[in-house]
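Engineer: The sequence shown maps to residues -21 to -1, 1 to 141 in mature numbering (1 follows the signal peptide of the UniProt record, and there is no 0).
The beta carbon of each residue, even a glycine, is placed where N, CA and C say it ideally should be.
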Amino acid sequence: MKFSKTVMTGLVMLIGVNAFAQKKADKFEKLQIEMFPKAKDGYKQVYIQLPIAKNENDLKVEFFVGAEKMLDCNKQFLMGNVRSQDLQGWGYNYYDVESNGEVGSTLMACPDKKMTKKFVYIQPEIVRYNSKLPLVFYVPKDLEVRYRILRPDAAMKKAVQK
């Protein structure tokens, strides 16, 4: 009797988790990226699929292209650039990233010579939020793309007049 109750409880939990996962998956538009070109040698294609959100016009997406590296106390940045390209005939755009992985840095003395693992990236960009279109990137194989969603402050503030 105890065994059958345990099995039944497990099945109910499994069905509940599956229903929750399905509900979570429904919050995304079904995206197609087949029309985008294939990645060239030494590059990979990555994309960001944004969830459907209320008031998408109020949101922005900030993306960072970079890599984790062992770095000292200086301020570092990844050298390279991100160019927006038009997908001919579709009206969509995608991003080509060019970087050889070199890191630029300030030249402060680091007395402890301690190295820490940090994500170093090319100058980030901010683009409009649109859950209907993927953000597609072509990046060198040793780099990755990270992003964050920027939300407005709830209260609108008034500028100071002189």
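Are the stretch 104 to 113 and the stretch 17 to 29 in contact at 8 Å, needing three or more beta carbon pairs?
Structural biologist: Touching, yes.
Engineer: When you compare the CB positions of residue 126 and residue 35, do they come within less than 8 Å of one another, or not?
Structural biologist: No. Outside cutoff.
Engineer: Would you say residue 73 and residue 117 are within 8 Å of each other, going by their C-beta atoms?
Structural biologist: Result yes, Cβ atoms of residue 73 and residue 117 sit closer than 8 Å.
Engineer: From this set, 131, 135 and 121, which residue's C-alpha is nearest residue 46's C-alpha?
Structural biologist: It is 121 whose Cα lies nearest to the Cα of residue 46.
Engineer: Keeping to the same chain, check which residues put their C-beta closer than 6 Å to that of residue 97; ignore five residues upstream and five downstream.
Structural biologist: Cβ within range, chain order: 50.
Engineer: Once the 5 residues before and after residue 5 are set aside, which same chain residues still bring their CB inside 8 Å of it?
Structural biologist: With a pLDDT of 43 at residue 5, under the threshold of 50, the modelled position of that residue is not reliable, and no figure is offered here.
Engineer: Assuming residue 74 is part of the beta strand (DSSP E), what are its boundary residues?
Structural biologist: Segment 71 to 77, the beta strand (DSSP E) holding residue 74.
Engineer: Determine the direct distance from the alpha carbon of residue 136 to that of residue 128, and round the result to whole angstroms.
Structural biologist: Rounded to the nearest angstrom, the two C-alpha atoms are 21 Å apart.
Engineer: Alpha carbon to alpha carbon, how far is residue 61 from residue 119? Give it in angstroms, no decimals.
Structural biologist: So the two alpha carbons sit approximately 12 Å from each other.
Engineer: Roughly how many angstroms separate the alpha carbons of residue 1 and residue 102, rounded to a whole number?
Structural biologist: The predicted position of residue 1 is uncertain, since its pLDDT is 43 and thus under 50; a value taken from the coordinates is nonetheless stated next. Approximately 36 Å between the Cα atoms of the pair.
Engineer: For residue 142, list the residues DSSP reports as bridge partners.
Structural biologist: It is not possible to answer for residue 142, since the shown part of the chain is limited to -21 through 141.
Engineer: If we ignore side chains and look at the alpha-carbon of each, how far apart do residue 3 and residue 140 end up?
Structural biologist: Confidence is the limiting factor: at residue 3 the pLDDT is only 48, short of 50, which leaves the residue's position unreliable, though a coordinate-based value still follows. The straight-line gap from Cα to Cα measures roughly 47 Å.
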